[in-house]
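In the order they appear, the protein sequences are chains A and B. When we follow my numbering, the leftmost residue of the first sequence carries the number 1, and every step to the right adds one. When we follow my numbering, the leftmost residue of the second sequence carries the number 1, and every step to the right adds one. Before any comments, here is the structure.
There are 2 protein chains.
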Amino acid sequence: MKSALNFLVAAKRCEIAELQALALTSALVNVTGRLVHGLQRERGLSNLYLGSNGARFAPERQAQIGESQGIEGELRACFDSLDTDSATVGNGARLFSRIAYVLHGLDALPGLRAQIESQAWAARKATEAYVRLIAGLLAVVFEAADSASDPEISRLLVARFNFMQGKEFAGQERAAGSALFASGRADATEQQRLLHLIDSQERCLQVFAEFSSAALSALWSQNQPSATLAELERMRRVLCTATHGAALDANQSPVWFDCCSQRMDRMKVVEDQLAQELLRVCEEKIAAALRNLQSFTALSATAPRESDALSFFKDAQPGGGTMGLASTSGAAGLTPPQGYGPHLERSILELVQEQARRLQSMGDELDTVRASLNERKLVERAKGLLMAHRQLSEEEAHKTMRQMAMNQNRRLIEVAEAVLAMADVLPDRRR
Amino acid sequence: MKSALNFLVAAKRCEIAELQALALTSALVNVTGRLVHGLQRERGLSNLYLGSNGARFAPERQAQIGESQGIEGELRACFDSLDTDSATVGNGARLFSRIAYVLHGLDALPGLRAQIESQAWAARKATEAYVRLIAGLLAVVFEAADSASDPEISRLLVARFNFMQGKEFAGQERAAGSALFASGRADATEQQRLLHLIDSQERCLQVFAEFSSAALSALWSQNQPSATLAELERMRRVLCTATHGAALDANQSPVWFDCCSQRMDRMKVVEDQLAQELLRVCEEKIAAALRNLQSFTALSATAPRESDALSFFKDAQPGGGTMGLASTSGAAGLTPPQGYGPHLERSILELVQEQARRLQSMGDELDTVRASLNERKLVERAKGLLMAHRQLSEEEAHKTMRQMAMNQNRRLIEVAEAVLAMADVLPDRRR
Numbered sequence: 001m002k003s004a005l006n007f008l009v010a011a012k013r014c015e016i017a018e019l020q021a022l023a024l025t026s027a028l029v030n031v032t033g034r035l036v037h038g039l040q041r042e043r044g045l046s047n048l049y050l051g052s053n054g055a056r057f058a059p060e061r062q063a064q065i066g067e068s069q070g071i072e073g074e075l076r077a078c079f080d081s082l083d084t085d086s087a088t089v090g091n092g093a094r095l096f097s098r099i100a101y102v103l104h105g106l107d108a109l110p111g112l113r114a115q116i117e118s119q120a121w122a123a124r125k126a127t128e129a130y131v132r133l134i135a136g137l138l139a140v141v142f143e144a145a146d147s148a149s150d151p152e153i154s155r156l157l158v159a160r161f162n163f164m165q166g167k168e169f170a171g172q173e174r175a176a177g178s179a180l181f182a183s184g185r186a187d188a189t190e191q192q193r194l195l196h197l198i199d200s201q202e203r204c205l206q207v208f209a210e211f212s213s214a215a216l217s218a219l220w221s222q223n224q225p226s227a228t229l230a231e232l233e234r235m236r237r238v239l240c241t242a243t244h245g246a247a248l249d250a251n252q253s254p255v256w257f258d259c260c261s262q263r264m265d266r267m268k269v270v271e272d273q274l275a276q277e278l279l280r281v282c283e284e285k286i287a288a289a290l291r292n293l294q295s296f297t298a299l300s301a302t303a304p305r306e307s308d309a310l311s312f313f314k315d316a317q318p319g320g321g322t323m324g325l326a327s328t329s330g331a332a333g334l335t336p337p338q339g340y341g342p343h344l345e346r347s348i349l350e351l352v353q354e355q356a357r358r359l360q361s362m363g364d365e366l367d368t369v370r371a372s373l374n375e376r377k378l379v380e381r382a383k384g385l386l387m388a389h390r391q392l393s394e395e396e397a398h399k400t401m402r403q404m405a406m407n408q409n410r411r412l413i414e415v416a417e418a419v420l421a422m423a424d425v426l427p428d429r430r431r
Numbered sequence: 001m002k003s004a005l006n007f008l009v010a011a012k013r014c015e016i017a018e019l020q021a022l023a024l025t026s027a028l029v030n031v032t033g034r035l036v037h038g039l040q041r042e043r044g045l046s047n048l049y050l051g052s053n054g055a056r057f058a059p060e061r062q063a064q065i066g067e068s069q070g071i072e073g074e075l076r077a078c079f080d081s082l083d084t085d086s087a088t089v090g091n092g093a094r095l096f097s098r099i100a101y102v103l104h105g106l107d108a109l110p111g112l113r114a115q116i117e118s119q120a121w122a123a124r125k126a127t128e129a130y131v132r133l134i135a136g137l138l139a140v141v142f143e144a145a146d147s148a149s150d151p152e153i154s155r156l157l158v159a160r161f162n163f164m165q166g167k168e169f170a171g172q173e174r175a176a177g178s179a180l181f182a183s184g185r186a187d188a189t190e191q192q193r194l195l196h197l198i199d200s201q202e203r204c205l206q207v208f209a210e211f212s213s214a215a216l217s218a219l220w221s222q223n224q225p226s227a228t229l230a231e232l233e234r235m236r237r238v239l240c241t242a243t244h245g246a247a248l249d250a251n252q253s254p255v256w257f258d259c260c261s262q263r264m265d266r267m268k269v270v271e272d273q274l275a276q277e278l279l280r281v282c283e284e285k286i287a288a289a290l291r292n293l294q295s296f297t298a299l300s301a302t303a304p305r306e307s308d309a310l311s312f313f314k315d316a317q318p319g320g321g322t323m324g325l326a327s328t329s330g331a332a333g334l335t336p337p338q339g340y341g342p343h344l345e346r347s348i349l350e351l352v353q354e355q356a357r358r359l360q361s362m363g364d365e366l367d368t369v370r371a372s373l374n375e376r377k378l379v380e381r382a383k384g385l386l387m388a389h390r391q392l393s394e395e396e397a398h399k400t401m402r403q404m405a406m407n408q409n410r411r412l413i414e415v416a417e418a419v420l421a422m423a424d425v426l427p428d429r430r431r
């Protein structure tokens, strides 16, 4: 018959297995991040190539395609190495579905490149195709962030996802700004879009700052020297404040592109550091859990089974145990049982209670991290609802919600909840 | 190299594995529920036995102990049958830890029974010992509810957990009321405790009503005939409204006990029905997923790999793909690809997109279910904080929060959030 200690050991093994799976997923996300970076560059160069009617940037683009293909091969190898047979990955169903979507997109990539090569597609259409593929890749990263049950790791994963998403908005800002400068004329709709991308980008970077370590936040600050930032903000002002129809200097297009590219390369440095930090934390936690497991198994060889039986009920006191969840993690007896040598002073009961407390506090912290992910999901969902119902673009939907929040002096998440609460009442015009 | 379809199949397999694990956990929870029911009766009879100074209810108690022991054996066998070696269960670490805690309590049960047998422990202390053990068992049920990723099943699990928790409050109400009648005198503190138990019970039953099916809610209504309910409410009124120190009719104690016991037996009927419903839903979903899986694998034999490559980008349109999560589940192209026979009209892309949409909507619904579990956790945690900081009993902490909610015209969950936000500021006197 299995004892309490058997289950303690099993619980610890599960924890270790999950951490190892996380370390594996983390490696996968690293390659995903590199492919995203490569495709972002490829998207930028394709834009310049199409913008110059094929006259310029053809070799740069070809070189970048070669690089992207190399990373794509690595990512496919990563996918291949995933254990798809034993159905054991915690978040398997969702993660695998996202990967299926990405693979479909990667299969379509040669076709997309051919359309660009022959200039059959306009810059805008090509950009949106890359945006879609990158969105699919980022969804893989998101699923990884959603699955961790260790709060420290979960915080870093949330920080990483938001940083990568912020970088993607920066990439889209680069494309939109380049096109706007190149067109030689200010356009109110495009300016609105640009503002939206800047705003979305800053929200992501703020979540990153909240959830990452102080060291990583500092690294990101260092990677944004004031001079570069001032130049970026100056060009943003020029782009966004010009009156609709006013002339823009088309020669500024490559300057803007380079300035944005520098920013994105620096973001990649921080992203890589974040990835290393994650792997380090995973490895540390695996090592700690393994040491823990050893001490458990050492104990199982010596401990008598009913040693401290009644101490289970020791602190049972009025009102202390009415709520299932509170009581199992509450202040239960921690005095070592009498009559055993020092090596048994940390009795099994203590271990069980320590484990319960630890899981509870991990669960509490995890709830906080998840809440942030959840808020994000709610805002996205409310936006989608407004888009469907009022036939709004994403920017317009976001702006509407932000306006509602300002007018009603409420947080964006509260507005989102209010919008979603109306979901059953609003007809969906898409259907 | 693995294709999109490989990962679709793998995702489906994960889904099936999770459903099967759920069906297994569900069976475990059924036995847990039966043991809880047995221990609740044992607790009641032990109370009556101790209350009569051992003069009455000894044989009834012995018979019930025998029954409890039988179910305990079944539950231990269930625990033994769990796969603790492969560390594959999704929620393994938490579930196994809860089981370790329960096993420790079960090991201590013979000691508890001996204390009661020899009347060494007072009724109140014995009751609290049973309360603690039952709380541990309900924590196992809670972990099961927390792990499901299918929203329909998750709803039923939440309904079941709350119903079982409500039944346990009913059991504690039975014990508290019996003791109060038996004491022959009204006591303000005990009356307060009783009101708190009734209130907690009703909150649980309300969550049950919100989350269970209409058929189950109806079944619960049928199992509460008006006559029985009226009698219960009459005795509740007598108990709770008597002035502190006023006389109570001690002869009403067994009448109250029987009335409450009837209620609990009827609750068990509903609980069993809920369990059957859960198993049925699990089995249906497993069967559907298996059919789905077959259609996937049939497709993989015939489908060319790059069949509908560019259709991945087909609907790529401005503004449609800027948000990673929205875009993968958004309105992507659903037109069947051209050039294949009817058996291939449902292309892989379609399947991928359908799966993405399905997972998204399941995730959305699941968030709603989890939010309810989460609110519960937050309220409990805030209560624990108040108990630690202000040295309050659980009832007092709950009452304080309810009072704050009324005064500020806010929901209990909002008050809990406010209390928790102060956590870092408040010193914890326990430490």
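Beta carbons are placed, not taken as given, at the ideal position from N, Cα and C, and that holds for glycine.
With 16 other Cβ atoms within 10 Å as the buried cut-off, status of residue i
| i | result |
| --- | --- |
| G320 of chain B | Its pLDDT being 37, under 50, G320 of chain B is placed unreliably by the model, and nothing is read from it. |
| G136 of chain B | buried |
| H398 of chain B | buried |
| R305 of chain B | At R305 of chain B, the pLDDT of 49 sits below 50, so the modelled position is not reliable and the matter cannot be decided from this model. |
| G166 of chain B | buried |
| T127 of chain A | buried |
| S118 of chain B | exposed |
| Q201 of chain B | buried |
| L386 of chain B | buried |
| D150 of chain B | buried |
| S68 of chain B | buried |
Separation of residue j from residue i, as counted between CA atoms
| i | j | result |
| --- | --- | --- |
| S212 of chain A | T32 of chain A | 20 Å |
| R43 of chain A | R411 of chain A | 35 Å |
| E271 of chain B | E190 of chain B | 29 Å |
| F142 of chain A | S154 of chain A | 11 Å |
| R236 of chain A | V419 of chain B | 43 Å |
| G171 of chain A | C260 of chain A | 8 Å |
| N6 of chain A | G92 of chain B | 13 Å |
| F161 of chain A | R376 of chain A | 12 Å |
| R381 of chain B | V369 of chain A | 16 Å |
| V238 of chain A | S46 of chain A | 24 Å |
| H104 of chain B | G66 of chain B | 20 Å |
| T84 of chain A | L22 of chain B | 20 Å |
| A179 of chain B | L248 of chain B | 11 Å |
| I71 of chain B | A63 of chain B | 13 Å |
| L229 of chain B | F79 of chain B | 38 Å |
| Q252 of chain A | L232 of chain A | 12 Å |
| G363 of chain B | R263 of chain B | 37 Å |
Chain B residues whose Cβ lies nearer than 7 Å to that of residue i
| i | result |
| --- | --- |
| R76 of chain A | M1 |
| A11 of chain A | G92, A93, F96, S97 and A100 |
Where residue i meets chain A, residues with beta-carbon distance less than 7 Å
| i | result |
| --- | --- |
| A108 of chain B | A309, L310, F312 and F313 |
| R381 of chain B | D364 |
Within chain A, partners of residue i - CB distance below 9 Å
| i | result |
| --- | --- |
| G166 of chain B | What G166 of chain B touches in chain A: nothing, since even the nearest Cβ is about 11 Å away. |
| K377 of chain B | L325, G363, D364 and D367 |
Interface partners of residue i on chain A, CB under 8 Å
| i | result |
| --- | --- |
| L8 of chain B | F96, S97 and A100 |
Partners in chain B for residue i, counting only beta-carbon separations shorter than 8 Å
| i | result |
| --- | --- |
| D199 of chain A | The premise fails here: D199 of chain A is roughly 12 Å from chain B at the closest Cβ pair, so nothing lies under 8 Å. |
Sufficient close CB pairs (3 or more, under 8 Å) joining the region 27-45 of chain A to the region 110-118 of chain B: Touching, no, given that fewer than three Cβ pairs across the two stretches are closer than 8 Å.
Contact list for the region 93-104 of chain A against chain B, Cβ threshold 9 Å: Hits within the stretch, in order: A93, R94, L95, F96, S97, R98, I99, A100, Y101, V102, L103 and H104.
Cβ contact check for the region 216-230 of chain A and the region 183-193 of chain A: 3 or more pairs under 8 Å: Because the criterion of three Cβ pairs below 8 Å is not met, the region 216-230 of chain A and the region 183-193 of chain A do not touch.
Where the region 354-367 of chain A meets chain B: residues whose CB sits under 8 Å from a CB there: Listed by position along the chain: Q355, A356, L359, G363, D364 and D367.
Given 8 Å, three or more beta-carbon pairs between the region 15-30 of chain B and the region 280-298 of chain B: In the pairwise beta carbon analysis, the region 15-30 of chain B is classified as touching the region 280-298 of chain B: at least three pairs are separated by under 8 Å.
Interfacial residues, the region 383-412 of chain B to chain A, with Cβ spacing under 9 Å: Taking 9 Å as the upper bound on Cβ-Cβ separation, chain A lies near residues K383, G384, M387, A388, S393, E394, E395 and E396 of the region 383-412 of chain B.
Stretch pair the region 287-298 of chain B + the region 10-24 of chain B: three plus CB contacts closer than 8 Å: Yes, they touch.
Cβ contact check for the region 350-362 of chain A and the region 99-109 of chain B: 3 or more pairs under 8 Å: The region 350-362 of chain A is in contact with the region 99-109 of chain B.
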